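Asks: Protein chains in written order, with our numbering: chain A, 1 to 500; chain B, 1 to 500.
We treat Cβ as the ideally placed atom computed from N, Cα and C, and that holds for glycine.
Just so you know, these numbers come straight off a predicted model, no measurement behind them.
#1: Can a CB atom of chain B be found closer than 9 Å to the CB of residue 319 (chain A)?
#2: Assign residue 455 (chain A) to buried or exposed, taking buried as 16 or more other Cβ atoms, counted over all protein chains shown, within 10 Å of its Cβ.
#3: Give the C-beta separation of residue 164 (chain B) and residue 34 (chain B) to the nearest angstrom, bearing in mind that I take them to be a contact with Cβ-Cβ under 8 Å.
#4: Please compile the residues from chain A whose C-beta is within a distance smaller than 7 Å of the C-beta of residue 264 (chain B).
#5: Could you spell out the range, first to last residue, of the alpha helix (DSSP H) harbouring residue 159 (chain A)?
#6: Suppose you measure from the CA of residue 498 (chain B) to the CA of residue 420 (chain B); what does that come to, to the nearest Å?
#7: Tell me whether residue 180 (chain B) is buried or exposed, calling it buried when 16 or more other Cβ atoms sit within 10 Å of its Cβ.
#8: Can you list, in chain order, the residues of its chain with a C-beta nearer than 7 Å to that of residue 148 (chain B)? Leave out the 5 residues immediately preceding and following it.
#9: Is it buried or exposed, residue 186 (chain A), if we count other Cβ atoms within 10 angstroms and call 16 or more buried?
#10: Closer than 9 Å, Cβ to any Cβ of chain B: which residues of the stretch 233 to 257 of chain A, in chain order?
#11: Which residues mark the beginning and the end of the beta strand (DSSP E) in which residue 433 (chain B) is found?
#12: Helix, strand or coil for residue 334 (chain A), going by three-state DSSP, please let me know.
#13: Can you give the beta carbon distance from residue 94 (chain A) to residue 69 (chain A), rounded, assuming they're within the 8 Å contact cut?
#14: Taking Cβ positions only, does residue 231 (chain A) come closer than 9 Å to chain B?
#15: When we look at the beta-carbon of residue 286 (chain A) and count the other beta-carbons within 10 Å, is it buried (16 or more) or exposed?
#16: Of the residues B:234, B:264, B:156, B:360, which one's Cα is nearest the Cα of residue 350 (chain A)?
#17: At 7 Å on the CB atoms, spell out the chain A contacts of residue 420 (chain B), in chain order.
#18: Excluding the 5 residues flanking residue 329 (chain A) on each side, which residues of the same chain have their C-beta closer than 8 Å to its C-beta?
#19: Mind checking if residue 532 (chain A) is an interface residue toward chain B, Cβ cutoff 9 Å exclusive?
#20: Whose C-alpha, out of B:494, B:90, B:281, B:460, is nearest the C-alpha of residue 502 (chain B)?
#21: Can you tell me where the alpha helix (DSSP H) holding residue 291 (chain A) begins and where it ends?
#22: Following the continuous alpha helix (DSSP H) through residue 241 (chain B), name the residue where it begins and the one where it ends.
#23: Let me know if residue 175 (chain B) comes out buried or exposed under the rule of 16 or more other beta-carbons within 10 Å of its beta-carbon.
#24: Would you mind telling me which residues of chain A sit closer than 9 Å to residue 61 (chain B), beta carbon to beta carbon, in chain order?
#25: Bridge partners of residue 106 (chain B), per DSSP?
#26: Thinking just about the alpha-carbon of each residue, which of B:258, B:297, B:82 is nearest to the one in residue 317 (chain A)?
#27: Hey, how far is the Cα of residue 241 (chain B) from the Cα of residue 263 (chain B)?
#28: Check whether the stretch 374 to 390 of chain A touches the stretch 189 to 198 of chain A, taking contact to mean three or more Cβ pairs, one atom from each stretch, closer than 8 Å.
#29: Can you list the residues of chain B that residue 57 (chain A) reaches, using a CB-CB cut of under 7 Å?
#30: Residue range of the beta strand (DSSP E) that residue 96 (chain B) falls in?
#31: Roughly how far, in whole angstroms, is the beta-carbon of residue 153 (chain B) from the beta-carbon of residue 458 (chain B), given that I think they are within contact range, below 8 Å?
#32: Could you check which residue in A:56, A:127, A:243 has the C-alpha nearest to that of residue 396 (chain A)?
#33: Would residue 454 (chain A) pass as an interface residue toward chain B - the criterion being a Cβ-Cβ separation below 9 Å?
#34: CA-CA distance, residue 76 (chain B) and residue 488 (chain B)?
#35: Contact defined as beta carbons within less than 8 Å: I believe residue 405 (chain A) pairs with residue 447 (chain A). What is the distance between those atoms, to the nearest angstrom?
#36: Is DSSP giving residue 23 (chain A) helix, strand or coil here?
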């Protein structure tokens, strides 16, 4: 019961009597005070999100730096962090901030202030305008780049701290905030932020680290991910220059008769990367380090699978069938346990409308590899390079742009217990899920030397990460799904759960 | 000897005496009168080319229509064509024009008024500005889209007719001019122009058809092509929608674990199209209709190969070695005799800078096929479709955007004799070459029902067709290579050669 419910009840005589009889049970706690502030600052919270969406930082396009970091620092200061430092790296700057409430416990929070690229032509409303739109069945949402990934959830987290300030209540736990601006290019410089001595020292004191995320599905259910796959993003570049065969600039396509083609060379190289099923990685040694799920992980997975909705999932993805026509169960086991080689993009020669009779001197495949424990980003990249060399493609450049190792968190850790308690405080019984198929640089926290529990946390819902019309629910049509205020409250609950 | 040389000679007493002794041989013919006009109209000719380059028609981008056709019609009228008709087609309009000089013979001339797409960022001067630039070793050139392919040569041809007008001399042969605006997309509607009854009737009277082209190499040598390969341009499109597997819109790349990928599907399909050498077409039946060179064609080819310059060719193409490390001789035999499957472009998913973690729902390969006799565009397209279906890729769309059959012309035809005579009149002994590896819609003339000889003709030199910094020589640094005026003269010579 939050304070608004209490005050509403107090307006009736019967409730007033009831209060008289149970004074101790209904005493207004500091937490209630904080929660009571959320509704009143709703418009300000929405505006905070809209203003932030208007200022995108996109590392792949070198857009919005260092402004994005400076803005992030301002947001942290406004939310009550006493110490806020910009951390320079070899790439884009990060931000480190601490809020020392004099509490016994520390919690780490990870933010990314960057967002994915976008093409406004593909959007139904301008991606930086963060328009409030009525979305049938969902409620009122904000449509914009970064709305759900992850400015919406991050603003909810900051708004929780604003609510503490407004209520004049100290947070029950101290907070170490680490922010980076290169998550969408694979966090190549994140360790430079985390392992700065003062940052590492602060994180060492933490019981774990969360990244704010709208974790609710459309039915209101929530999963706690006990880890995430690792990732390597890279480009494979085939060129006449490096190959020493074919042309070194684009030439007329008729000359293909007497020349080798860097494009065919790339196609042949790519074709060796997966087996005949067009899916299973065929890079030698790719599966050698794959550790099977533990009995505990299997149990957690099998308990969770029946609660997933196949029809809803297929509809959301625009999918008729799973790989190999597998059952939903088997496809989910695959999702959790299998490493992948994915083609993000193909770019070669002429890419405009119609055709152009050239033999291109260069062709590129944009690839991502998803890794499961105990694969490593570096080890897998090496395997790929060895594989290409062995198959006669040593000339093909393998340009890694970013990536990190997989991450795992103990289901019995204090962090997972706090996450669980916070969700339950809002009436949701979270489902444990053994491993997110997506990736985040959690290994920086879960790996040596910090070895902290780490994971996603937060009520609320959004969709369209990396896609057009990305959205985040502000006012939810479904009472089981939190809107912005419910998401804000989840961070208040979480901070209290961390204090115990 | 042209008229300028004569007049120059006449200025010396000794020459005047010589003239007295050889009056008949040095009599000024009407042809001399015409040729004498060329130098005087030089600036006007250059301006005609610059003005035309400034107005590009690009069918793939639907740019410059119907203005390009209307401009073409004006150019024809200005050059003295009495009848000039715009011919509507299902695509872009064509132009048909006749210049009836009351002569016994007719010659057909083919123009394309369209040009290839361009990206100004890749050019050293604006591609529509047609700047006069000093090009070391070459002389003064015009840099612009269409400069050599083929507005430069076409302007030279038109300027020849202006010279007739200026000299008050009737052309010695009647001319039927057919123009299209879709050559660069494979001339999908050209037969609708050629086989309009009045156009077909005019062409039937012609001894053959030429397309103006700067045919000189940098050493001044000239080839007469006795045919050209055919071409099919097409897109192969792999999509979740058509395949019924994988996503129907782009989704997060982590989902590749449980989903099929239309991009991998395309890679696998492409990989079946060539053999392990990454070059030789592997489509079943692709070589069935390939007719070996005749003894006469072989003889022509073997006579011509030693006159080609390997070092120069490699340098121009940016190439270190030929396919299979073959000798120049063998690679040229291959160039003439082998059909090809070339990748013009690859476009799938995310194509911008850096990466983007998506699993794309669609991937496209832009392909061209080059055909030799007796392959046909339609037959080869059918083979490709059958091949894809047989290998499990029936869902991949094969969208042909244009193309035509190969073409051949008899080396003993009147047209080839006229071409040869015209080149010799300018001191160049042309080399017969059995087959151009590039393509042009000559089959519309050489095939049934017209069955006319057809080929390229013209002095002069340019390069960079379909590439940045395309150029056409205006004033040549090498006396063996014609500049614009020499190119103009070649059309005067050609028209006279057609009259005999």
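Replies: This is what the structure holds:
#1: Cβ-Cβ to chain B under 9 Å: yes for residue 319 (chain A).
#2: Residue 455 (chain A) comes out buried.
#3: Between the beta-carbon of residue 164 (chain B) and that of residue 34 (chain B) there is about 5 Å, and that keeps the pair under the 8 Å contact cut.
#4: The contacting residues are 274, 278, 279, 343.
#5: Counting along the chain, the alpha helix (DSSP H) containing residue 159 (chain A) begins and ends at 152 to 167.
#6: Going by the C-alpha atoms only, they are around 11 Å apart.
#7: The Cβ neighbour count for residue 180 (chain B), taken over all protein chains shown within 10 Å, is at least 16; the residue is labelled buried.
#8: Closer than 7 Å at Cβ, skipping near neighbours: 214, 462, 463, 464, 465, 470, 471, 472.
#9: By the 10 Å Cβ count, residue 186 (chain A) comes out buried.
#10: Taking 9 Å as the Cβ-Cβ cut-off, the stretch 233 to 257 of chain A approaches chain B at 233, 234, 235, 240, 241, 244, 245, 246, 247, 248, 249, 250, 251, 252, 253, 254, 255, 256, 257, given in chain order.
#11: Element bounds for residue 433 (chain B): 431 to 433.
#12: Correct three-state label for residue 334 (chain A): helix.
#13: Contact between residue 94 (chain A) and residue 69 (chain A) holds, since their C-beta atoms are separated by about 7 Å, short of 8 Å.
#14: Yes - at least one Cβ of chain B is within 9 Å of the one on residue 231 (chain A).
#15: By the Cβ-count criterion, residue 286 (chain A) is buried, with 16 or more other Cβ atoms from all chains shown falling within 10 Å of its own Cβ.
#16: With distances taken between Cα atoms, residue 350 (chain A) lies closest to B:234.
#17: The contacting residues do not exist; residue 420 (chain B) stays about 24 Å from chain A at best.
#18: Closer than 8 Å at the Cβ level, and outside the excluded window around residue 329 (chain A), lie 305.
#19: In this structure chain A extends from 1 to 500, so residue 532 (chain A) is not present and cannot be described.
#20: The structure shown does not extend to residue 502 (chain B), since chain B is modelled only from 1 to 500, so the question has no answer here.
#21: Where residue 291 (chain A) is concerned, there is no enclosing alpha helix (DSSP H), because DSSP gives it neither an H nor an E.
#22: First-last of the alpha helix (DSSP H) with residue 241 (chain B): 240 to 243.
#23: Residue 175 (chain B) is buried by the Cβ-count criterion.
#24: Neighbours of residue 61 (chain B) on chain A, chain order: 352, 353, 354.
#25: DSSP lists B:174, B:206 as partners of residue 106 (chain B).
#26: Of the listed residues, the one whose Cα sits closest to residue 317 (chain A) is B:258.
#27: Those two C-alpha atoms are separated by around 13 Å.
#28: Verdict: no, contact absent.
#29: Here the premise fails: no neighbours, minimum Cβ distance about 13 Å.
#30: Where residue 96 (chain B) is concerned, the enclosing beta strand (DSSP E) stretches over 94 to 99.
#31: The beta-carbon separation of residue 153 (chain B) and residue 458 (chain B), rounded to 5 Å, stays under the 8 Å limit for a contact.
#32: Answer by Cα proximity: A:243.
#33: It does not; no Cβ of chain B falls within 9 Å.
#34: Computed Cα separation, rounded: 16 Å.
#35: Right, their Cβ atoms sit about 6 Å apart.
#36: Its pLDDT being 47, under 50, residue 23 (chain A) is placed unreliably by the model, and nothing is read from it.
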